[in-house]
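Contents: one structure, followed by commentary.
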Amino acid sequence: MSTFASVDEVSAALAEHGYIPDRRVATTVFLMLQLDRPALLEGPAGVGKTELAKAISAITGRRLVRLQCYEGQDETKALYDWDYGKQLLYTQLLRDKIGEIVSDAPDLESAVDLLSQHDSVFFSERFLAPRPLFEAINGQEPAVLLIDEIDRADEALEAVLLETLGEYQISIPEIGRFEARTAPLVLLTSNNTRDLSAALKRRCLHLFLDYPDADRELEILRSKQTGLSDALAAQLVQVVRGLRDLELRKAPSISETIDWARTLAVLGATELDAKVLADTVSVVVKYERDHARAIKALPTLIDPNAVVPDHRPDHSHGHGHSHSHGGHTHSHDDGDHDHSHDDHDHSHGHPKDEVGVARRAEKDKPGRHGPGHYGTPPYAAGDDDLVPEVLPKTAVGPDRGKRSFAAGLGRRRAI
Ligand SMILES: Nc1ncnc2c1ncn2[C@@H]1O[C@H](COP(=O)(O)OP(=O)(O)O)[C@@H](O)[C@H]1O
Ligand SMILES: [Mg+2]
1 MSTFASVDEV SAALAEHGYI PDRRVATTVF LMLQLDRPAL LEGPAGVGKT
51 ELAKAISAIT GRRLVRLQCY EGQDETKALY DWDYGKQLLY TQLLRDKIGE
101 IVSDAPDLES AVDLLSQHDS VFFSERFLAP RPLFEAINGQ EPAVLLIDEI
151 DRADEALEAV LLETLGEYQI SIPEIGRFEA RTAPLVLLTS NNTRDLSAAL
201 KRRCLHLFLD YPDADRELEI LRSKQTGLSD ALAAQLVQVV RGLRDLELRK
251 APSISETIDW ARTLAVLGAT ELDAKVLADT VSVVVKYERD HARAIKALPT
301 LIDPNAVVPD HRPDHSHGHG HSHSHGGHTH SHDDGDHDHS HDDHDHSHGH
351 PKDEVGVARR AEKDKPGRHG PGHYGTPPYA AGDDDLVPEV LPKTAVGPDR
401 GKRSFAAGLG RRRAI
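Just so you know, we're using UniProt numbering here: the sequence shown kicks off at 1 and counts up by one.
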């Protein structure tokens, strides 16, 4: 049972440990502590999912055990494995002893029989290589178990996790069952790059974390002591919020706002003008095409009344609609290329790559990534490096069904 008597107490404790929660976050944490239930945190990258788990570990005084998920991960990396190296070393060091044991055996088969009577020596806890799930359950001290970015793990591992979380125990055939002395507090996070099983969602309290409102983001900035004055920080938050409204491949996260504030403070900025922001905007936008869009938008983000000198036709990149210029219809976008410092004029007879144009237009169909689709690239992924540069044309590939089918089988096991 939790030592926190109210949501407010949880909220204050989190803030004390450097995490600024909103009411919903504090309520979910309060409930998970009261009800002893796992919580699933979903939301775009950089909104404080991982950080929340760390903060919960801090306010509860429990140690943090983290299972970072990735594709291809299996039970031997999540639950436990045998320490083959140690087993081998022991068998070599004990060669003489093992020789004695099998010395009376008349043939190979009986030698193996004799040796197998000693299996339990080598398949014992001594030779076990514990992985995070095992550690969280079998550890001496109560733990917060963070299963981070579970959407990256395969469905098969998700099923194993479900089983383990259902009972807080792990069975190892050679040894027996390990039950948790104190059930770990479990937090799962997902960037929503794939759907999680209904069984998993059912088991968890669910919290969707989104970008914070302006006040909270400012409060977070203040708490990080970036060195930027409150007035500039407030202005910066508005600029970042404006950038998030642009259709960027990767919207700036909270951590990037913090980085930007620190950068501006280090540069000794005394006011935020378009120039200083443009010089430093690469701190928050990491793709060339986003960079160009951000630069274009900055003057109006600082001063909504600003008149941006631009006598060229507005191409409204990225919306995939067509423009008619003097009889030509150009459907263009900057899906693959950075057109924003384009010095060529679309309205005059460039040789057109019809296939490329059509392909890019297809990718930028309106609604392909509407709000709420942060989980699909370009909004996706905890690790930006892993976002594919060229997006698949269709969200559902031919293998997708197979995977879901396999997942269905996996899930059945877990329910
Ligand atoms: N509510 C918050 N209070 C304080 N700092 C926060 C908060 N949310 C996010 N941050 C900051 O943003 C950074 C990124 O958060 P992180 O937990 O890594 O994001 P996610 O796991 O959602 O991708 C953290 O290191 C932290 O500095
Ligand atoms: Mg994270």
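All C-beta atoms, glycine included, are put in the ideal place defined by N, C-alpha and C. Note that the coordinates shown come from a computational prediction; the quantities given were computed from them, not determined experimentally.
Item	Value
Simplified DSSP assignment, three categories, for R181	coil
C-beta contact flag for P142 and P184 at 8 Å	yes
For S171, the residue or residues it bridges with in DSSP	R177
Inter-residue CB distance, L277 and L232 (contact presumed, cutoff 8 Å)	Wrong, their Cβ atoms sit about 11 Å apart, outside the cutoff.
is_contact[D290, chain D] using C-beta, thresh 8 Å	Absent from the structure is chain D; it holds one protein chain and no more.
Pair within 8 Å by beta-carbon distance, D151 and V47	no
Whole runs of the alpha helix (DSSP H) within the region 14–40, excluding any shorter than 4 residues	23–35
Sequence ranges, alpha helix (DSSP H) only - wholly within the region 31–93, length at least 4	49–60, 75–78 and 84–93
Residue from D148, A26 and Q140 with nearest C-alpha to F178	Q140
Alpha carbon of I175 to alpha carbon of W82, nearest angstrom	12 Å
Pairwise C-alpha distance: L41 and P212	15 Å
Beta-carbon proximity of E158 to L207, cut-off 8 Å	no
Straight-line gap, L246 to R216 (C-alpha atoms, nearest Å)	21 Å
For K201 and T193, the rounded distance between their alpha carbons	15 Å
Per-residue burial, P304 [other beta carbons within 10 Å of its own, 16 or more giving buried]	exposed
Nearest to L94 (by Cα), restricted to the options I137, V121 and R24	V121
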